[in-house]
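A.B. asks: I'd like to ask you about the structure that follows.
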Amino acid sequence: MDEAKIQFSVAEMELMNNAEVILTKNRALQKIRLLLEGVQQEMEHRVYQDSIYSSSQLFQVPAKISKGENYQGLPYQVLDYPRYFDSVNIFAIRTLFWWGNTFSSTLHLSGDQKVAFLPAIEQGYALLKEQQYSIGLNEDPWQHHFEEDNYKPIAQLDEDSFIHYCRQYDHLKIAKQWPLWDAHFVNEDLVESWRLFLKLCFP
1 MDEAKIQFSV AEMELMNNAE VILTKNRALQ KIRLLLEGVQ QEMEHRVYQD
51 SIYSSSQLFQ VPAKISKGEN YQGLPYQVLD YPRYFDSVNI FAIRTLFWWG
101 NTFSSTLHLS GDQKVAFLPA IEQGYALLKE QQYSIGLNED PWQHHFEEDN
151 YKPIAQLDED SFIHYCRQYD HLKIAKQWPL WDAHFVNEDL VESWRLFLKL
201 CFP
């Protein structure tokens with residue numbers, strides 16, 4: 001490689017020489033981890049209190065917080081609970097922090113789990129519309145951004161259109177997002193969203 005051809009912009013040079021930027025980022029991500037751990041504890045407490053959930057195989061796999069540095073080039077942290085995954089069948093409620101974008105809460109169903117819970121989700125149209133949730137449009141279930149080609153607000157759909165999108169793919173995703181500026185109190189919103197998804201699926 002010809003090192004002489006590598007050119008750094010002024011912004012890149014300034015960033016490389018500013019250790020505090022990365023140290024601040026690391027502190028922020030540690031606080032996000034603590035936030036998600038608190039959300040997880042609240043979820044687990046509620047499951048423990050309710051035999052409908054605690055007796056279900058969906059909750060036999062422990063909650064998990066994972067992280068990465070490169071979802072569309074940006075860091076993220078994810079709390080999955082419940083997290084029932086195999087090669088085809090999925091029942092997961094995913095709480096996501098995505099750097100520079102949003103917090104989000106997503107119900108992800110696929111395979112037999114989608115078949116089992118689809119009627120309950122379709123019955124929840126009015127509630128999901130009222131609470132400003134969106135439905136996934138993308139054939140790729142692992143896209144999490146809220147651009148118009150990936151999610152559509154349910155409030156913009158009539159009930160027949162909502163049911164159409166619910167049945168369109170082998171997977172189904174319902175999600176809601178909150179701005180990062182809500183970080184000081186978003187934990188309550190994330191837990192309430194998780195509870196709403198469970199109430200839909202276990203009426």
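When we follow the UniProt record's numbering, the leftmost residue of the sequence shown carries the number 1, and every step to the right adds one.
Ideal placement from N, C-alpha and C gives every residue a C-beta, glycine not left out.
Within the continuous alpha helix (DSSP H) that includes TRP194, where are the two ends?
C.D. replies: Here the alpha helix (DSSP H) through TRP194 covers 186 to 201.
A.B. asks: Check each candidate in GLU12, VAL61 and TYR133 and name the one with the smallest Cα separation from LEU196.
C.D. replies: Answer by Cα proximity: TYR133.
A.B. asks: Compute the distance between the beta-carbons of TYR169 and GLU139, then report whether it is under 8 Å.
C.D. replies: Yes, these two residues count as a Cβ contact at 8 Å.
A.B. asks: Note down the Cα distance separating ASP36 from ALA92, rounded to an integer number of angstroms.
C.D. replies: Before going further, note that residue 36 is Leu rather than Asp in the sequence given. Cα to Cα, LEU36 sits roughly 16 Å from ALA92.
A.B. asks: Which residues in the same chain as SER193 place their Cβ atom closer than 6 Å to its Cβ, once the five residues preceding and following it in sequence are excluded?
C.D. replies: Cβ neighbours of SER193 beyond the five flanking positions: SER105 and LYS176.
A.B. asks: Three-state secondary structure (DSSP) at ILE154?
C.D. replies: Here ILE154 sits in helix by DSSP.
A.B. asks: Compare the C-alpha of ASP158 against each of ASP189, TRP178, GLU122 and PHE185 and name the closest.
C.D. replies: Residue GLU122 is the option with its Cα nearest to ASP158.
A.B. asks: Using CA coordinates, which residue listed in HIS144, SER87 and SER56 is at the minimum distance from LEU96?
C.D. replies: Of HIS144, SER87 and SER56, the residue nearest in Cα terms is HIS144.
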